[in-house]
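Visitor:
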Amino acid sequence: NAGVTQTPKFQVLKTGQSMTLQCAQDMNHEYMSWYRQDPGMGLRLIHYSVGAGITDQGEVPNGYNVSRSTTEDFPLRLLSAAPSQTSVYFCASRPHRGRFNTEAFFGQGTRLTVV
Amino acid sequence: DAKTTQPNSMESNEEEPVHLPCNHSTISGTDYIHWYRQLPSQGPEYVIHGLTSNVNNRMASLAIAEDRKSSTLILHRATLRDAAVYYCILFTSGTYKYIFGTGTRLKVLA
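Here it is, written out as structure tokens:
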């Protein structure tokens, strides 16, 4: 049981490049989400999904796309990277979308630098 | 989304109890109170959660005010490994979003 796995751990992009941050969980969790954390700040919600085929926007969705074709995977796509997207990105999953008394599990993060 | 307010930072001596406060005056009746902590260079990890009653687990205790407008995370004996940012989050019924605030940075002094 690996939990929530994020790849890559580190990435440097040039402005205008695109890339996909990968997130996979092996706990059969319905709910998955992406956050970004800027230096010295708390986490801000980018997008989330309550099941395969269902996604919705969080607090800061602009510049990012997501899809959820399987329960296990929730990739985050940067369409045209900008320096303002330099951040640490965290993926999280929770056991059941309808339950509010369960804990979320977070990945170890992807540190992205856009130059 | 319901908001929480926490002090920016707190200090504690090692092996002493720590009380981390959180205000959530706009909490609704079905909102759960969740606490997470983030160790340096790691993702957040679950600490404890509750609805109305006080809760205990192996990591901490959660004391919830009778009117539910505030709560306190209690670490019974702080260790150096407890130095982290602690987040108080309201998990709102009807949505599926964890909205993080800025949290409290806990410094533990040896």
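Heads up: the protein sequence lines correspond to chains U and D, in order.
Heads up, the final residue of the first sequence is numbered 1299 in our numbering, and it's a clean run with no missing numbers.
Heads up, the final residue of the second sequence is numbered 338 in our numbering, and it's a clean run with no missing numbers.
Ideal Cβ placement from N, Cα and C applies to all residues, glycine included.
1. Can you find a CB in chain D that lies within less than 7 Å of the CB of Gln1292 of chain U?
2. Whose Cβ in chain U lies nearer than 8 Å to the Cβ of Glu273 of chain D?
3. Tell me which residues share the same chain as Val1234 of chain U and place their Cβ nearer than 8 Å to its Cβ, disregarding the 5 neighbours each side in the sequence.
4. Output, in chain order, the set of chain U residues within a Cβ distance shorter than 8 Å of Gly329 of chain D.
5. Beta-carbon within less than 6 Å of Met238 of chain D's beta-carbon, same chain only, minus the 5 sequence neighbours each way: which residues are those?
6. Would you call Pro272 of chain D buried or exposed, if buried means 16 or more other Cβ atoms sit within 10 Å of its Cβ?
7. Under DSSP, the beta strand (DSSP E) around Ile1238 of chain U begins and ends at which residues?
8. Counting only beta-carbon atoms, is Glu1287 of chain U nearer than 7 Å to chain D?
9. Based on Cα-Cα distance, which residue from U:Arg1228, U:Met1225 and U:Thr1255 lies nearest to Gly1237 of chain U?
10. Determine the closest residue to Val1188 of chain U out of U:Val1298, U:Leu1229, U:Phe1274 and U:Tyr1248, with distance taken between C-alpha atoms.
11. Can the beta-carbon of Val1272 of chain U be found less than 7 Å from the beta-carbon of Leu1197 of chain U?
12. Using a Cβ-Cβ distance cut-off of 7 Å, determine whether Phe1274 of chain U contacts chain D.
Guide: Per the coordinate set shown:
1. True, the Cβ-Cβ gap to chain D drops below 7 Å.
2. Against chain U, the beta carbon of Glu273 of chain D has neighbours under 8 Å at Phe1290, listed in chain order.
3. Result list for Val1234 of chain U: Glu1214, Tyr1215, Asp1240 and Arg1281, in chain order.
4. By Cβ distance, chain U contributes Gly1226.
5. Once the five neighbours on either side are set aside, the close Cβ partners of Met238 of chain D are Thr332 and Leu334.
6. The residue in question, Pro272 of chain D, is buried, as its Cβ has 16 or more Cβ neighbours within 10 Å.
7. Membership of Ile1238 of chain U in the beta strand (DSSP E) is indicated by the continuous run Ile1238 to Gln1241.
8. Residue-level contact by beta carbon holds for Glu1287 of chain U and chain D, with a gap shorter than 7 Å.
9. Looking from the CA of Gly1237 of chain U, the closest CA among U:Arg1228, U:Met1225 and U:Thr1255 belongs to U:Thr1255.
10. Of U:Val1298, U:Leu1229, U:Phe1274 and U:Tyr1248, the residue nearest in Cα terms is U:Phe1274.
11. Not a contact, by the Cβ cut-off of 7 Å.
12. Proximity of Phe1274 of chain U to chain D, defined by a Cβ-Cβ separation below 7 Å, is satisfied.
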